[in-house]
Amino acid sequence: MLKDIGYSLAVKQHKNRIYSYSFFMLGNKMDADDVTQEVLIRLWQNMGNFNLTAMRAWVMKTTHNLCLDYLRRRKTAQQRGVDLDEETADLIPAEDGSIYPDIELQRKLLKEKLNIAINNLPESLKSVFVLYEINGLRYKDISEILSLPINSVKVYLFRARKKLQDELRQLVYEKAY
Amino acid sequence: MKKHININEKYFRNDPEHFSSENFDREEKIISAAYGSADLFDKIKICIDSLFNSEVRAVYKEYKETAAAVKSLPKVECPDEVILKVHKSIEQLKSITAKHSITERLFSGKPAFASLAALAAVIGIIGFLIFRSPVIEQTYSQQEIETAEKQLRYSFERIGLVFKKTRSVIEEEVLPKQVGQPILKSINKLNDLLLGG
Numbered sequence: 004m005l006k007d008i009g010y011s012l013a014v015k016q017h018k019n020r021i022y023s024y025s026f027f028m029l030g031n032k033m034d035a036d037d038v039t040q041e042v043l044i045r046l047w048q049n050m051g052n053f054n055l056t057a058m059r060a061w062v063m064k065t066t067h068n069l070c071l072d073y074l075r076r077r078k079t080a081q082q083r084g085v086d087l088d089e090e091t092a093d094l095i096p097a098e099d100g101s102i103y104p105d106i107e108l109q110r111k112l113l114k115e116k117l118n119i120a121i122n123n124l125p126e127s128l129k130s131v132f133v134l135y136e137i138n139g140l141r142y143k144d145i146s147e148i149l150s151l152p153i154n155s156v157k158v159y160l161f162r163a164r165k166k167l168q169d170e171l172r173q174l175v176y177e178k179a180y
Numbered sequence: 009m010k011k012h013i014n015i016n017e018k019y020f021r022n023d024p025e026h027f028s029s030e031n032f033d034r035e036e037k038i039i040s041a042a043y044g045s046a047d048l049f050d051k052i053k054i055c056i057d058s059l060f061n062s063e064v065r066a067v068y069k070e071y072k073e074t075a076a077a078v079k080s081l082p083k084v085e086c087p088d089e090v091i092l093k094v095h096k097s098i099e100q101l102k103s104i105t106a107k108h109s110i111t112e113r114l115f116s117g118k119p120a121f122a123s124l125a126a127l128a129a130v131i132g133i134i135g136f137l138i139f140r141s142p143v144i145e146q147t148y149s150q151q152e153i154e155t156a157e158k159q160l161r162y163s164f165e166r167i168g169l170v171f172k173k174t175r176s177v178i179e180e181e182v183l184p185k186q187v188g189q190p191i192l193k194s195i196n197k198l199n200d201l202l203l204g205g
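These protein sequence lines map, in sequence, to chains C and E. Going by the working numbering, the first sequence opens with residue 4, and the numbers climb by one from there. Going by the working numbering, the second sequence opens with residue 9, and the numbers climb by one from there.
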């Protein structure tokens, strides 16, 4: 009974963080769905094995490891010639309509580019970037989740921001020519 | 003289590994300030530098725009159907673990439970072996029963014939010749002796 209540609270607290991280890491909804399900089932199986303070780190670590597994599997599948259905264009959730269609369109285009650029980041940089910028975690938490020293997290974040900027410039350049 | 941050274009194209630690530090501060994660002192310093250095200003502005776009990305929310699927899977897992827990309690739980369960199992097996009454049900056809009756009747008839023959032999041969004559002879001799013959 207590386990069920605790679990419900944990799901409520972590579901969006798990989903968002796996969504940005994997770049498609289907894999994000699968990873989220898997993490939440593992969370249920491991309820009681860790205290509440360690739960967030455990959840995100598990999510990160599962995402890496999916990416490895995807790489293997690509090497074997399997065509994966990427839904990069669907990355942005729909927003309410704006009264300024031009501004809204520009925003949408920028967000699309941004999502593509994030998706194009190397895994190591993307994980730090998404955890810090999208999920709003601190250096210390990221260091714990990714088993990296805090200084490395800072360097990875710096590289990710730079790489993202390069990617955006590249996308703008490709669009212009 | 005030030292301005000099940002070259190569900083944003080459691998960060090749940067000197000083350049890395400066660039990192500009980017962090643009993303809003630098400390207050660095933020003020970069803001002042950007006022006097057009290159710093351009880079700062570029990163700031990206940072704003990143921050304004709508939150990705977990769909409800994912949670429903998770709950279904957990219900299935619960039923499976409930089935397993009965046997686990009996055989891999506490030693007292395990020994009691083992004892009960042994008593049950021995009791079954001792008290079981094997009922062998055999079924015969009508024809087989009739044949068996005929054979039995024939056997009794044969036995009856043997008894009959034996009786006639005893009555006709054994009793008059083998028993009757010696007895008669003995009686005659006894008579002779008694009469004084």
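Glycine is no exception: its CB is placed at the ideal position from the N, C-alpha and C atoms. Computed from a predicted structure; not experimentally measured.
Can you give the beta carbon distance from residue 17 of chain C to residue 59 of chain C, rounded, assuming they're within the 8 Å contact cut?
-> Rounded, the Cβ-Cβ distance is 7 Å, consistent with contact.
Compare the C-alpha of residue 15 of chain C against each of E:90, E:178 and E:51 and name the closest.
-> Distance from the Cα of residue 15 of chain C is smallest, within the candidate group E:90, E:178 and E:51, for E:90.
Alpha-carbon spacing of residue 141 of chain C relative to residue 127 of chain E, whole angstroms = 59 Å
For residue 147 of chain C, does the three-state DSSP call read helix, strand or coil?
-> In the displayed model, residue 147 of chain C falls within a helix according to three-state DSSP.
What residues in its chain sit with their C-beta under 7 Å from that of residue 53 of chain C, if we drop five residues either side in the sequence?
-> 61
Rounded straight-line distance, which links the Cα of residue 99 of chain E to that of residue 164 of chain C | Residue 164 of chain C and residue 99 of chain E: Cα-Cα distance of roughly 43 Å.
Can you name the residues of chain E whose CB is closer than 9 Å to the CB of residue 23 of chain C?
-> Those within 9 Å of residue 23 of chain C in chain E are 83, 84, 85 and 86.
At least one CB of chain C closer than 8 Å to the CB of residue 68 of chain E: is that the case?
-> no
Residue 77 of chain E: contacting residues in chain C (beta-carbon distance under 7 Å) | 113, 114 and 117
Is the beta carbon of residue 80 of chain E less than 8 Å from the beta carbon of residue 68 of chain E?
-> no
Applying the criterion that 16 or more other CB atoms from any shown protein chain within 10 Å of the CB defines a buried residue, is residue 162 of chain E buried or exposed?
-> The residue is exposed, with fewer than 16 neighbouring Cβ atoms inside 10 Å.
Could you pull out every unbroken alpha helix (DSSP H) segment of at least 4 residues lying fully inside the segment 149-202 of chain E, listed in chain order?
-> 150-177
Among residues of its own chain, excluding the 5 on either side of residue 22 of chain C, which ones have a beta-carbon nearer than 7 Å to its beta-carbon?
-> 35 and 39
Rounded to a whole number of angstroms, what is the C-alpha to C-alpha distance between residue 183 of chain E and residue 139 of chain E?
-> Distance between the alpha carbons of residue 183 of chain E and residue 139 of chain E is about 58 Å.
Residue 104 of chain E at chain C interface by Cβ criterion, 8 Å | no
Please classify residue 191 of chain E: is it buried, with 16 or more other beta-carbons within 10 angstroms of its beta-carbon, or exposed?
-> exposed
CA-CA distance, residue 70 of chain E and residue 154 of chain C?
-> 25 Å
Is the beta carbon of residue 28 of chain C less than 8 Å from the beta carbon of residue 133 of chain C?
-> yes
Could you tell me whether any Cβ in chain E is nearer than 8 Å to the Cβ of residue 16 of chain C?
-> no
Under 8 Å between C-beta atoms, does residue 66 of chain C make it to chain E?
-> no
Answer yes or no: do residue 126 of chain C and residue 174 of chain C have a C-beta to C-beta separation smaller than 8 Å?
-> no
C-beta atoms of residue 117 of chain C and residue 77 of chain E nearer than 8 Å | Against a cut-off of 8 Å, the Cβ pair of residue 77 of chain E and residue 117 of chain C comes out as a contact.
Since residue 93 of chain E meets chain C, which of its residues come closer than 7 Å, beta carbon to beta carbon?
-> Within chain C, the residues near residue 93 of chain E are 40.
Closest residue to residue 96 of chain E among C:111, C:43, C:149 and C:13 (Cα-Cα distance) | C:43
Would you please state the rounded distance, in angstroms, between the beta carbons of residue 50 of chain E and residue 62 of chain E? I believe it to be under 8 Å.
-> So it is not a contact: roughly 20 Å between Cβ atoms.
Whether residue 56 of chain C touches residue 24 of chain C by CB criterion (8 Å) = no
From the DSSP output, in three-state form, read off residue 146 of chain E for me.
-> If DSSP states are grouped into helix, strand and coil, residue 146 of chain E belongs with coil.
Per-residue DSSP class, three states only, for residue 160 of chain C = Residue 160 of chain C falls in the helix class under three-state DSSP.
Please list, in chain order, all residues of the same chain as residue 194 of chain E whose beta carbon is under 8 Å from its beta carbon, the five residues on each side excluded.
-> none
For residue 65 of chain E, name the three-state secondary structure that DSSP assigns.
-> helix
How should residue 120 of chain C be labelled, buried or exposed, when 16 other C-beta atoms within 10 angstroms of its C-beta is the threshold for buried?
-> buried
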